[in-house]
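Note that the working numbering has the sequence shown beginning at 739, numbered continuously upward. Heads up, the beta-carbon is just placed ideally off N, CA and C, and yes, glycines get one too. I have placed the structure first, in the form of structure tokens, so that the comments after it can refer back to it.
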Amino acid sequence: MTVIDVHTHMYPPAYMSLLRSRKSIPYVCSFPDDPSAGDRLVILPAEDTASTSRGRPIGPEYFDVDEKLTFMRNHGMDVSVISLANPWLDWLPSSEAAEVARTVNDDVELMCTEHEGKLYAFGTLPLSAPVEQVTAEIKRLASLKHHRGIVMGTSGLGSGLDDPALDPIYAAIEENEQLIFLHPHYGLPTSVYGQRASDYGHVLPLALGFPLETTIAVTRMLLSGVWDRHPKLQVLLAHSGGTLPFLAGESKAVSRMMLI
Numbered sequence: 739m740t741v742i743d744v745h746t747h748m749y750p751p752a753y754m755s756l757l758r759s760r761k762s763i764p765y766v767c768s769f770p771d772d773p774s775a776g777d778r779l780v781i782l783p784a785e786d787t788a789s790t791s792r793g794r795p796i797g798p799e800y801f802d803v804d805e806k807l808t809f810m811r812n813h814g815m816d817v818s819v820i821s822l823a824n825p826w827l828d829w830l831p832s833s834e835a836a837e838v839a840r841t842v843n844d845d846v847e848l849m850c851t852e853h854e855g856k857l858y859a860f861g862t863l864p865l866s867a868p869v870e871q872v873t874a875e876i877k878r879l880a881s882l883k884h885h886r887g888i889v890m891g892t893s894g895l896g897s898g899l900d901d902p903a904l905d906p907i908y909a910a911i912e913e914n915e916q917l918i919f920l921h922p923h924y925g926l927p928t929s930v931y932g933q934r935a936s937d938y939g940h941v942l943p944l945a946l947g948f949p950l951e952t953t954i955a956v957t958r959m960l961l962s963g964v965w966d967r968h969p970k971l972q973v974l975l976a977h978s979g980g981t982l983p984f985l986a987g988e989s990k991a992v993s994r995m996m997l998i
């Protein structure tokens, strides 16, 4: 039986270079006076402190393809479908997003080509760019040999995945027979975790916030009629669907009551 890992992240060289060149969120930094801290990825305002433990560690397993292949061998994985982890490209200025997306996606395609049969990918969209540039990249991704869909966060164009402004993008994804790998990013507001949440590192936002973020995002899509307008739109949910498998029945029952 072939074992395929569809939820595995990598930052290709072009993307790492971009993050290392930045001093504002998002960025990757290291500390020559504290080598034990390693590389740190900072993507949220609350993480942007003076501490050498700011953000989260980002080791070579995230950007070294040989490390990725070693991980696959050690865990009995035959094929990986790699994707960028958050923050993707949502933060880029509109004028730069399309060009960066092409560069990053081509970088990932090259990695897959160099390891034929082992690596495939979900592409990344320049969502801050004009919509015609976004749909052009969707069409281009569909032509790349090793790309199998698109990774997307829950914010969409900034107003969630139930935003009607996403309709032409969903239509292009449908038309080009791509799927969306839906992945959380921001979690829930930090206030929901209580005053001592920071004592527990990233446990609460990642273990609890991420699954709930996914559940809320896809439920909003359903309630807003996204699949009524785009019945062939395929969406693969990260983290086993968040809490949706457990709450789908309750959501359906409540929505029926509220819509009567």
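By the 10 Å Cβ neighbour count, where 16 or more other Cβ atoms means buried, how is residue i classified, buried or exposed?
i	result
E988	exposed
I742	exposed
L865	buried
S893	buried
V872	buried
N824	buried
T808	exposed
V956	buried
P927	exposed
K970	exposed
R994	exposed
F801	buried
G861	buried
A945	exposed
H813	exposed
D777	buried
G896	exposed
P943	buried
Y938	exposed
Q916	buried
S936	exposed
A978	Position check: residue 978 holds Ser in this sequence, whereas Ala was assumed. Flag for S978 reads exposed.
P949	buried
V973	buried
S1029	Because the chain in this structure spans residues 739 to 998, residue 1029 falls outside the shown range and cannot be described.
Closest to residue i by CA distance: which of the options is it?
i	options	result
S1005	L779, T740 and I742	Here the chain covers residues 739 to 998 and nothing more, so residue 1005 does not appear.
L961	T981, A874 and K990	K990
H745	S993, L985 and A976	A976
R958	D777, G855, L982 and P770	L982
S762	A784, E915, N914 and V803	A784
E854	A880, H885, L944 and E837	H885
R967	I781, S929 and D901	D901
D786	G979, C767 and G896	C767
T740	M810, T841 and L756	M810
I796	R878, N914, V817 and S774	S774
E847	K883, K856 and M815	K883
L782	V842, A874 and H923	H923
E834	V803, A867, M849 and Y858	A867
A874	K806, S818 and E913	E913
H747	W826, S755 and D772	W826
L756	V842, L904, S818 and V930	V842
E852	D816, V803 and R878	V803
Kindly give me the distance between the Cβ atoms of residue i and residue j, rounded to whole angstroms, as I take these residues to be in contact under 8 Å.
i	j	result
G891	H921	6 Å
Y749	L822	7 Å
I911	I876	6 Å
G925	G898	Contact flag wrong, Cβ pair sits at about 14 Å.
Y908	V964	7 Å
A839	L863	6 Å
D845	P751	6 Å
A836	C850	Actually they are not in contact, since the Cβ atoms of A836 and C850 sit about 21 Å apart, beyond 8 Å.
T952	G980	3 Å
I888	L857	Contact doesn't hold; Cβ gap of about 17 Å is too wide.
Checklist line | alpha helix (DSSP H) runs wholly inside the region 751-819, at least 4 long, in chain order | finding: 751-758 and 803-812
Notebook entry, point to check: Taking only runs of the beta strand (DSSP E) that begin and end inside the region 943-995, which ones reach a length of at least 3 residues, in chain order?
Noted result: 972-975
Check: Between the region 828-841 and the region 791-811, do three or more beta carbon pairs fall short of 8 Å?
Finding: no
Next item on the list: Pick out the complete beta strand (DSSP E) segments inside the region 880-947, 3 residues or longer, and give them in chain order.
Entry: 885-890 and 917-920
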